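Undergrad: One structure, as structure tokens, below. Some questions next.
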Amino acid sequence: MLVVDAPQRPPTMPAPIDRAHLVSVIVPVFDEEESVEILHHELTATLGAWGRPYELLFVDDGSRDRTGKILDRLAAHDEHLQVVHLRRNFGQTAALVAGIDHSQGEILVPLDGDLQNDPADIPALVARLEAGYDVVSGWRKNRQDRALTRKLPSVCANWLISRICGVSLHDYGCTLKAYRRDVIEGARLYGEMHRFIPIYAQMQGGAITEMVVNHRGRRFGRSKYGLNRIFKVVLDLLLVKFLASYSAKPMYVFGGFGLACLVFSLIPINLALFFKFTSIDSLQKDFVETPLPVVAAVSIQIGFLALLMGILSEMLMRTYFESQGKRTYVLRNGSPEN
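Numbering of the sequence shown is given in the working numbering, commencing with residue 26 and proceeding in unit increments.
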């Protein structure tokens with residue numbers, strides 16, 4: 026039946042995108058030529074049967090094999106698929122950010138491109154997200170990886186991150202998650218910080234939960250990550266903790282450390298004076314006979330430098346907020362759901 030009073034859209038004008046319901050699935054890949062076609066088939070089968078509007082963004086992170094060519098061939102026959110090519114290998118975090126920047130949906134679902142994450146979990150993740158959460162993190166409870174080199178370091182890292190940052194998740198390293206765009210759109214991610222997105226979300230007052238997801242054994246090739254990644258994660262964790270707790274008040278960190286150094290300098294000063302003026306001949310020592318004056322001087326210098334760095338950080342922080350019109354608070358859209 027033709028509705029004559031409804032405006033007719035020209036054939037060349039694309040239909041508007043319902044961003045509120047659109048799910049953007051983001052897949053960073055690097056040298057995964059054996060996996061990408063299989064993964065694309067699994068994703069289209071799952072998302073097509075789901076019936077929800079979706080888009081696929083494969084980010085080719087500077088692959089040296091045929092990954093990019095295979096993805097371009099698939100994109101030529103799939104209107105849902107968009108391929109983003111990076112000029113070189115920038116790392117998983119940068120590839121994920123590129124996918125977010127090129128996506129259009131208000132719901133973002135990243136997953137790995139090595140077939141270990143199961144696309145069949147995506148509908149359940151999104152359903153859990155729409156139950157009132159801002160982040161739903163996948164938990165690889167039955168992880169199919171080597172115990173010594175992958176599972177044990179992951180358990181230790183997850184425990185450490187939860188203890189330091191106060192976000193209780195079992196598996197920060199699981200790429201398969203579901204996000205609302207507004208809780209991560211302003212985040213600037215570097216290094217290995219993609220695993221800390223839930224912490225960023227909590228900084229914005231987001232509601233976070235986790236859900237057990239299926240984890241499959243690796244079918245092709247070897248993992249791109251080794252034990253050296255642990256040190257990068259630890260350093261990023263320290264930075265995230267600083268940003269989460271002290272980004273708006275850096276003086277508390279630098280000034281506190283500076284005051285601690287100044288207080289500590291009193292110990293070698295008093296000891297040096299004691300050894301100088303004691304009446305016990307066996308303990309008497311001149312200032313030049315002990316390193317205590319040097320320790321005190323160095324401690325005092327470090328203390329004053331830390332205080333000055335704290336003042337400089339406060340000035341930079343205020344310049345950052347005031348020059349860009351940023352606020353030190355975040356508004357919530359509507360009342361929180363029970």
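Backbone N, C-alpha and C fix where the C-beta goes; we use that ideal spot for every residue, glycine too.
Quantities reported herein were computed from a predicted structural model and do not represent experimental measurements.
Go to serine 187, then tell me how far its alpha helix (DSSP H) extends in each direction, as first and last residue.
TA: It spans 177–190 - the alpha helix (DSSP H) in which serine 187 sits, taken as one unbroken run.
Undergrad: Among Ala297, Val323, Thr303 and Ile305, which has the Cα closest to the Cα of valine 313?
TA: Distances from the alpha-carbon of valine 313 to those of Ala297, Val323, Thr303 and Ile305 put Ala297 closest.
Undergrad: What are the partner residues of glutamine 107, as DSSP defines its beta bridges?
TA: Leu82
Undergrad: From arginine 243 to glutamine 141, what does the alpha carbon distance come to, in whole angstroms?
TA: 6 Å
Undergrad: Please confirm if the stretch 124–142 is in contact with the stretch 69–88, defined as three or more CB-CB distances below 8 Å between the two stretches.
TA: yes
Undergrad: From the DSSP output, read off the bridge partner residues of glycine 138.
TA: DSSP output for glycine 138 lists no bridge partner at all.
Undergrad: Report buried or exposed for proline 275, applying the criterion of at least 16 other Cβ atoms within 10 angstroms of its Cβ.
TA: buried
Undergrad: Kindly indicate which three-state DSSP category lysine 266 falls into: helix, strand or coil?
TA: helix
Undergrad: Please report how far the alpha carbon of cysteine 199 lies from the alpha carbon of proline 178, in whole angstroms.
TA: 14 Å
Undergrad: Rounding to the nearest angstrom, what Cα-Cα distance links aspartate 56 and valine 108 in this structure?
TA: A straight line joining the alpha-carbon of aspartate 56 with that of valine 108 spans about 15 Å.
Undergrad: Compute the beta-carbon to beta-carbon distance between valine 192 and isoleucine 233, rounded to the nearest angstrom, for a pair I have assumed lies under 8 Å.
TA: 6 Å
Undergrad: Nearest-angstrom Cα distance between isoleucine 63 and serine 128?
TA: 22 Å
Undergrad: What does a CB cutoff of less than 6 Å around threonine 344 pick up in its chain, not counting 5 residues either side in sequence?
TA: Same-chain partners within the cutoff: there are none.
Undergrad: Kindly indicate which three-state DSSP category leucine 214 falls into: helix, strand or coil?
TA: Three-state DSSP puts leucine 214 in coil, outside helix and strand.
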